[in-house]
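Each residue of the sequence shown is one higher than the one before, starting from -6 at the first, in my numbering.
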Amino acid sequence: FRSRGSKATPGAMLRRAACRLASAPVKRWDGRIMIDVCVVPMGGSGGPSVRKEVTEVERVLRRWEKEGKLVCRLHGFGTNVTGHWDDVMGAVKEVHEVLHDRMGVVRITSSMRMGTRIDKAQSIDDKVAAVEEGLAKGEPE
-6 FRSRGSKATP GAMLRRAACR LASAPVKRWD GRIMIDVCVV PMGGSGGPSV RKEVTEVERV
54 LRRWEKEGKL VCRLHGFGTN VTGHWDDVMG AVKEVHEVLH DRMGVVRITS SMRMGTRIDK
114 AQSIDDKVAA VEEGLAKGEP E
């Protein structure tokens, strides 16, 4: 307890802030995930080119996106995908099934980087926009 005219010490203020943070309700993870996936088909019939296979990968992902289950952004070495964990993993599974079963790809190696967070909702476009804003403001290199 502190009287009206007295000032709190910095240490006391930090302790109170820590107590407030510790007692704040913890947000629960809602199952949303953002991944960067790179699918590399090997042993197809197209020689060194994988354009047909990668095109089919994007068709599968974009169908999931059209159904409202995912958001996808193709880039030079893969695709960024966001959605609920089960939908994202289901789409990646379907990609492998289509490449193996429909296209006859003998071997596939896929790599994924994934992230989840509970402090705020953030889209692929939000992440890109934050960096673009920093560039526009001339933030330090």
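Each residue gets a CB set at the ideal place from its N, CA and C atoms; glycine is no exception.
Distance, residue j Cα to residue i Cα
{"i": "D118", "j": "G97", "result": "35 Å"}
{"i": "R110", "j": "H68", "result": "23 Å"}
{"i": "V64", "j": "K20", "result": "23 Å"}
{"i": "W78", "j": "E51", "result": "18 Å"}
{"i": "F(-6)", "j": "A1", "result": "Note that F(-6) scores 48 on pLDDT, short of 50, meaning its location in the model is unreliable and no value can be drawn from it."}
{"i": "E58", "j": "K113", "result": "22 Å"}
{"i": "H93", "j": "A84", "result": "14 Å"}
{"i": "A123", "j": "E132", "result": "11 Å"}
For residue i, the nearest candidate out of the options (CA to CA)
{"i": "K62", "options": "V88, P34 and T75", "result": "T75"}
{"i": "G24", "options": "G127, L128 and V81", "result": "V81"}
{"i": "R66", "options": "E126, K130, S116 and A129", "result": "S116"}
C-beta contact flag for residue i and residue j at 7 Å
{"i": "I28", "j": "M105", "result": "yes"}
{"i": "R100", "j": "M35", "result": "yes"}
{"i": "E46", "j": "V91", "result": "no"}
{"i": "V121", "j": "V32", "result": "no"}
{"i": "V43", "j": "T72", "result": "no"}
Residue i - DSSP class collapsed to helix/strand/coil
{"i": "M82", "result": "helix"}
{"i": "G146", "result": "Because the chain spans -6 through 134 in this model, residue 146 falls outside it and cannot be assessed."}
{"i": "G24", "result": "coil"}
{"i": "P133", "result": "coil"}
{"i": "M110", "result": "Strictly speaking, residue 110 in this sequence is Arg, with Met absent from that position. Correct three-state label for R110: coil."}
{"i": "V33", "result": "strand"}
Bounding residues of the beta strand (DSSP E) (the contiguous stretch that carries residue i)
{"i": "V98", "result": "Careful: V98 lies outside any beta strand (DSSP E) and carries neither H nor E."}
{"i": "V64", "result": "L63 to H68"}
Enclosing alpha helix (DSSP H) for residue i [first to last residue]
{"i": "V74", "result": "Per DSSP, V74 belongs to no alpha helix (DSSP H); it is in the beta strand (DSSP E), G71 to H77."}
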